[in-house]
Amino acid sequence: MKQLIICFSLAILFLMFSIYQQDNNRFLKEYENLKHVADDAAAAGGLYFDSYQYSLGKMVFDKTEAEKAIKYIIKTNLHLDDTFKPLPNSYWTDTIKFYIYYFDDLNTTFPYLFQDPQTMYTKLITEPTIVVTINAGKPRYRLSFLTVHDAIRSASYEYYER
Amino acid sequence: MKDLIVLGAVILLLLTFPLQYALEQKNHHNISMFQQYVNVAKEKARAKGCFTQEIIDELKLNILNEFDNITESEIVIDVTTTPKYRKRTFDERELIHYRIGVPIKKLIATSKFWGISDIENQYLYEIDRYTTSELPLP
Chain Y
32 MKQLIICFSL AILFLMFSIY QQDNNRFLKE YENLKHVADD AAAAGGLYFD SYQYSLGKMV
92 FDKTEAEKAI KYIIKTNLHL DDTFKPLPNS YWTDTIKFYI YYFDDLNTTF PYLFQDPQTM
152 YTKLITEPTI VVTINAGKPR YRLSFLTVHD AIRSASYEYY ER
Chain Z
239 MKDLIVLGAV ILLLLTFPLQ YALEQKNHHN ISMFQQYVNV AKEKARAKGC FTQEIIDELK
299 LNILNEFDNI TESEIVIDVT TTPKYRKRTF DERELIHYRI GVPIKKLIAT SKFWGISDIE
359 NQYLYEIDRY TTSELPLP
């Protein structure tokens, strides 16, 4: 009887470890995907700038078009509905929040030390830049006693003078 | 003798777990590399305006080198191959679409022990996304 109890205890312990491993690996994959989506969103937003200001030698982002592109990329690539709530085929469960920061020749004096309030990541910005930070909410872990934090990824797109 | 039989059964049952841990890590590593290869191909496609044959061939070669138990025909590549252009205003028709998948052929290490068939013991890992083109309008 003692051996049976030890065997079952070990089996439950091993099973819990296996569940944790699978959940954690899945989260790491989705976390990497989230980074690629943030990259794509920042790069998409960075494509649009004010032509008139550019003709005057200033790089100023076209925020209306940039926001359209960023929203579309985040929505389609993370499989969200129009209110940014995840669709059934999305890994994420919480409503996705995202933050866009524009630094251009109209609103910034370079160099500018930027600290992302979401990640506390600090970056010295020397050129016109768009930063996109995505907070995808809590990851899926089946072991309910684990404490999990929001998954946040940030990416920037910079214009370099050549 | 009774203890020996119990020990044998216990070892057999518990041995499945370490084998599963090792397989899970191998699959995770393969998928992580797959993600990197797809991301590199996507960045190249952004610059070129679409997935050129050269980009697709390089991607397939990288995937085949990473996954030792799949063939070229099993790789799912459904991507934009006609050039898309960067415009002054956002136009979703000018986005590059890429759906790239690879079969993960062994999910459970001791599938025969649990009576799981080879068909049930696999799935398709897929990346299905859009990205913008940086190719200027001619």
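Sequence order for the protein chains is Y and Z.
The opening residue of the first sequence carries number 32 in my numbering; numbering runs sequentially from there.
The opening residue of the second sequence carries number 239 in my numbering; numbering runs sequentially from there.
Note that the Cβ used here is the ideal one computed from N, Cα and C, for glycine as well.
Computed from a predicted model, the values in this text were never measured in an experiment.
Inter-residue CB distance, A100 (chain Y) and F289 (chain Z) (contact presumed, cutoff 8 Å): In the first sequence, residue 100 (chain Y) corresponds to position 69, counting from 1. In the second sequence, residue 289 (chain Z) corresponds to position 51, counting from 1. Contact doesn't hold; Cβ gap of about 20 Å is too wide.
CA nearest to the CA of K298 (chain Z), picked from Z:E262, Z:Q273, Z:L257, Z:Q360: Within the second sequence, the letter at position 60 stands for residue 298 (chain Z). Taking each of Z:E262, Z:Q273, Z:L257, Z:Q360 in turn and checking the Cα distance to K298 (chain Z), the smallest one comes out for Z:Q273.
Within chain Z, partners of D71 (chain Y) - CB distance below 9 Å: Sequence index remark: in the first sequence, residue 71 (chain Y) carries index 40 (1-based). Here the neighbours are K280, R284, R367, Y368, T369, T370.
Spatial distance of K344 (chain Z) from M47 (chain Y) (CA atoms): Taking the second sequence and counting its residues from 1, one reaches residue 344 (chain Z) at position 106. Taking the first sequence and counting its residues from 1, one reaches residue 47 (chain Y) at position 16. Whole-angstrom Cα-Cα distance: 21 Å.
According to DSSP, residues forming a beta bridge with L333 (chain Z): Position 95 of the second sequence, counted from the start, is the residue given in the question as residue 333 (chain Z). DSSP lists Z:T370 as partners of L333 (chain Z).
Extent of the continuous alpha helix (DSSP H) run through A186 (chain Y): The residue given as residue 186 (chain Y) occupies position 155 in the first sequence. Counted as a single uninterrupted DSSP element, the stretch harbouring A186 (chain Y) is not any alpha helix (DSSP H) but the beta strand (DSSP E) occupying residues 183-189.
DSSP state of E358 (chain Z) mapped onto helix, strand, coil: Looking up residue 358 (chain Z) in the second sequence gives position 120. E358 (chain Z): coil per DSSP, three-state reduction.
Coil, strand or helix - T95 (chain Y) by DSSP: Here residue 95 (chain Y) corresponds to residue number 64 of the first sequence, with the count starting at 1. Of the three classes helix, strand and coil, the one that applies to T95 (chain Y) here is helix, per DSSP.
Beta-carbon neighbours of L111 (chain Y), restricted to chain Z and to distances below 8 Å: To locate residue 111 (chain Y), count along the first sequence from 1; it is residue 80. What L111 (chain Y) touches in chain Z: nothing, since even the nearest Cβ is about 13 Å away.
Within-9 Å CB hit, E330 (chain Z) to chain Y: The sequence position of residue 330 (chain Z) within the second sequence is 92, counting from 1. Closer than 9 Å to some Cβ of chain Y, the Cβ of E330 (chain Z) qualifies, so yes.
Distance, F129 (chain Y) Cα to W352 (chain Z) Cα: Working through the second sequence from its first residue, we reach residue 352 (chain Z) at position 114. Working through the first sequence from its first residue, we reach residue 129 (chain Y) at position 98. Answer to the nearest angstrom: the Cα atoms are 44 Å apart.
Beta-carbon neighbours of R324 (chain Z), restricted to chain Y and to distances below 7 Å: Taking the first residue of the second sequence as position 1, residue 324 (chain Z) is located at position 86. Ordered by position in chain Y, the residues that pass the 7 Å Cβ test against R324 (chain Z) are L78.
Neighbour list for F351 (chain Z) in chain Y, Cβ cutoff strictly below 8 Å: The count along the second sequence starts at 1 and reaches residue 351 (chain Z) at position 113. Residues of chain Y passing the Cβ test: none, with the nearest at roughly 14 Å.
D54 (chain Y) vs R184 (chain Y) beta-carbon contact at 9 Å: In the first sequence, the residue the question calls residue 54 (chain Y) occupies position 23. In the first sequence, the residue the question calls residue 184 (chain Y) occupies position 153. Here D54 (chain Y) is not near R184 (chain Y), since their CB atoms are 9 Å or more apart.
Cβ neighbours of E364 (chain Z) in the same chain (closer than 6 Å, five flanking residues each side left out): Reading the second sequence from its first residue, position 126 is the one you call residue 364 (chain Z). G339.
Alpha-carbon to alpha-carbon, I43 (chain Y) and Y188 (chain Y): Within the first sequence, numbered from 1, the residue matching residue 188 (chain Y) stands at position 157. Within the first sequence, numbered from 1, the residue matching residue 43 (chain Y) stands at position 12. If I take the Cα positions, the gap works out to 47 Å.
Chain Y within 9 Å of I269 (chain Z), Cβ atoms only: Residue numbering aside, residue 269 (chain Z) sits at position 31 when the second sequence is read from its first letter. In terms of beta-carbon proximity, I269 (chain Z) lines the interface with chain Y, with at least one pair separated by less than 9 Å.
Coarse secondary structure for N268 (chain Z), derived from DSSP in three states: By one-based count along the second sequence, residue 268 (chain Z) stands at place 30. It is helical.
Rounded separation between P170 (chain Y) and L242 (chain Z) - CA only: Mapped onto the first sequence, residue 170 (chain Y) falls at position 139. Mapped onto the second sequence, residue 242 (chain Z) falls at position 4. Whole-angstrom Cα-Cα distance: 44 Å.
Contact belief for L252 (chain Z) with A347 (chain Z) at Cβ below 8 Å, rounded distance in angstroms: In the second sequence, counting from the first residue as 1, residue 252 (chain Z) sits at position 14. In the second sequence, counting from the first residue as 1, residue 347 (chain Z) sits at position 109. Rounded, the Cβ-Cβ distance is 13 Å, inconsistent with contact.
Near-chain Z residues of the region 87-102 of chain Y - C-beta to any C-beta below 7 Å: Within the region 87-102 of chain Y, the residues whose Cβ lies closer than 7 Å to some Cβ of chain Z are E96, K99, A100, listed in chain order.
Straight-line Cα distance separating Q146 (chain Y) from I127 (chain Y): In the first sequence, the residue the question calls residue 127 (chain Y) occupies position 96. In the first sequence, the residue the question calls residue 146 (chain Y) occupies position 115. Computed Cα separation, rounded: 21 Å.
Inter-residue spacing [alpha-carbon to alpha-carbon] between T318 (chain Z) and H335 (chain Z): Counted from its first residue, the second sequence places residue 318 (chain Z) at position 80. Counted from its first residue, the second sequence places residue 335 (chain Z) at position 97. One C-alpha to the other measures close to 5 Å.
Environment of S355 (chain Z) [buried if 16+ CB atoms lie within 10 Å]: As a position in the second sequence, residue 355 (chain Z) is number 117, starting the count at 1. So S355 (chain Z) counts as exposed.
Euclidean distance between Cα positions of P256 (chain Z) and K106 (chain Y): The residue you call residue 256 (chain Z) lines up with position 18 of the second sequence. The residue you call residue 106 (chain Y) lines up with position 75 of the first sequence. The alpha-carbon atoms of P256 (chain Z) and K106 (chain Y) are separated by roughly 39 Å.
Which of helix, strand or coil DSSP assigns to D70 (chain Y): Walking along the first sequence from the start, residue 70 (chain Y) turns up at place 39. D70 (chain Y) falls in the helix class under three-state DSSP.
Stretch-stretch touch, CB-based, cutoff 8 Å, three pairs: the region 309-318 of chain Z with the region 60-74 of chain Y: No, they do not touch.
Chain Z contacts made by the region 154-183 of chain Y, where a contact means CB separation under 8 Å: Answer set for the region 154-183 of chain Y: empty.
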